[in-house]
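So in the UniProt record's numbering, spot 182 of the sequence shown is number 482, and the numbers just go up one at a time.
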Amino acid sequence: QAKVEGGGCIRLFDQALRERSEQVYRLLSRLRKAISLEQFELHYQLQFDMQTLQPCGMEALLRWRDGVNGLVAPDQFIPVALEYGLMPTIGRWVIRQACKDNMTLIETGLLDVVVAVNICAPLFSEAGFCALVHQLLVSTGLPAERLELEITEGVAMNSSAQVLQTSDELHEAGIRLAMDDFGIGFSSLNRLKKLRFDKLKIDRSFVSGLFESRSDQAIVQAILGMAKGLSMRTVAEGVETEEQLAFLREAGCSQGQGFWFARPMPLPELIEWLRERR
Ligand code: C2E
Ligand code: MG
Ligand code: MG
Ligand code: MG
Numbered sequence: 301q302a303k304v305e306g307g308g309c310i311r312l313f314d315q316a317l318r319e320r321s322e323q324v325y326r327l328l329s330r331l332r333k334a335i336s337l338e339q340f341e342l343h344y345q346l347q348f349d350m351q352t353l354q355p356c357g358m359e360a361l362l363r364w365r366d367g368v369n370g371l372v373a374p375d376q377f378i379p380v381a382l383e384y385g386l387m388p389t390i391g392r393w394v395i396r397q398a399c400k401d402n403m404t405l406i407e408t409g410l411l412d413v414v415v416a417v418n419i420c421a422p423l424f425s426e427a428g429f430c431a432l433v434h435q436l437l438v439s440t441g442l443p444a445e446r447l448e449l450e451i452t453e454g455v456a457m458n459s460s461a462q463v464l465q466t467s468d469e470l471h472e473a474g475i476r477l478a479m480d481d482f483g484i485g486f487s488s489l490n491r492l493k494k495l496r497f498d499k500l501k502i503d504r505s506f507v508s509g510l511f512e513s514r515s516d517q518a519i520v521q522a523i524l525g526m527a528k529g530l531s532m533r534t535v536a537e538g539v540e541t542e543e544q545l546a547f548l549r550e551a552g553c554s555q556g557q558g559f560w561f562a563r564p565m566p567l568p569e570l571i572e573w574l575r576e577r578r
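Right under this line is the structure:
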């Protein structure tokens, strides 16, 4: 009896697995096509200085413009792209496009700030990553100090000598480094010190929990205190309310990013937004 049931179970599992792999396979082939046709877009979300409440940076956020599904959010395709080794190729496109767009924006005279680009682990860990970034800066004309790279704790904790060397080289070249989603991974504070981060981005989950749990307030205050001690600037992610903003300003956070300030926008819309605000 048990044997029969077990067999049925395996068959069901087998079928689910086959369906899932067919889904992944279809997604992959559409993604490969999207890469060759460059069917991606970057939307930009402004970051604001907490003292002046003026824009002081922006983050490039990737979207896939798919013929069938329209605009696809990053969490719908980045995991699969990562698993199948497509992210470094996409990432190179992202860096170039973000540099170009920031040059365009600077030339409008509306805003002259740093553009932050998210970098996945395999790309950041490539030997020659720094040379690649340098080459993209030269070919787009963007000054090094107008580019910032965001990596997550997972990348930073990769103990390879390559990651350490890349972080040193970026620092020497004047390219800034930010740690994204800080507080939800496993950071060793020693590693944090060694990697020359200019900025810590406090993960959105702590910001959204500020008035739901006392511990999130304590965590945010502790992160801000540590960052100050290490001379790193801080950005609060996902600021959605006036109350969150007030708390973060009072606590000494340097910058804020979130729907309360501005949503991510395609470049033409961002330019329009800035014009209207002038
Ligand atoms: P992230 O780097 O932490 O980016 C911030 C995410 O929070 C963005 O989601 C942004 O739209 C969202 N967000 C901003 N303000 C608010 C807010 O006030 N409330 C809420 N609920 N959300 C807010 P998005 O664009 O869907 O990106 C998700 C993640 O995908 C990013 O998280 C990043 O890890 C990854 N990603 C995006 N673009 C790229 C890229 O070019 N390369 C790589 N490797 N990863 C990327
Ligand atoms: Mg980011
Ligand atoms: Mg983040
Ligand atoms: Mg986040």
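Just so it is clear, CB atoms sit at the ideal spot from N, CA and C, and this is done for glycine as well.
Source: prediction; values computed, not measured.
In terms of side-chain proximity, the C-beta atom of Glu-338 is found no nearer than 6 Å to any non-hydrogen atom of ligand 3. Contact check for Gly-538 against Ser-508 passes: the beta carbons are separated by less than 7 Å.
For Asp-480, the number of other beta carbons within 10 angstroms of its own is at least 16, and it is reported as buried.
Annotated three-state conformation of Gly-367 is coil, per DSSP. Scanning its chain for C-beta atoms nearer than 6 Å, with the 5 sequence neighbours on each side dropped, one finds around Phe-547 the residues Leu-510, in chain order. When C-alpha distances from Val-520 are compared across Phe-506, Val-415, Cys-430, Glu-445, the shortest belongs to Phe-506. Ligand 2 has a heavy atom closer than 6 Å to the beta-carbon of Asn-418.
Judged by DSSP secondary structure, Asn-402 falls outside any beta strand (DSSP E) and instead within the alpha helix (DSSP H) spanning 387-408. When Cβ pairs closer than 8 Å are counted between the two stretches, the region 560-578 is seen to touch the region 329-345, the count reaching three or more. Relative to ligand 1, even the nearest heavy atom lies 6 Å or more away from the CB of Pro-355. As computed with DSSP, Ala-360 is found in a beta bridge with Tyr-344, Val-417. Arg-491: member of the alpha helix (DSSP H) spanning 489-494, first to last residue. Ranked by how close their Cα comes to the Cα of His-471, the residues Gly-552, Ser-459, Arg-446, Trp-573 have Arg-446 in first place. The DSSP-derived three-state label of Ile-451 is strand. Secondary structure note for Thr-466: its alpha helix (DSSP H) is the uninterrupted segment 461-473.
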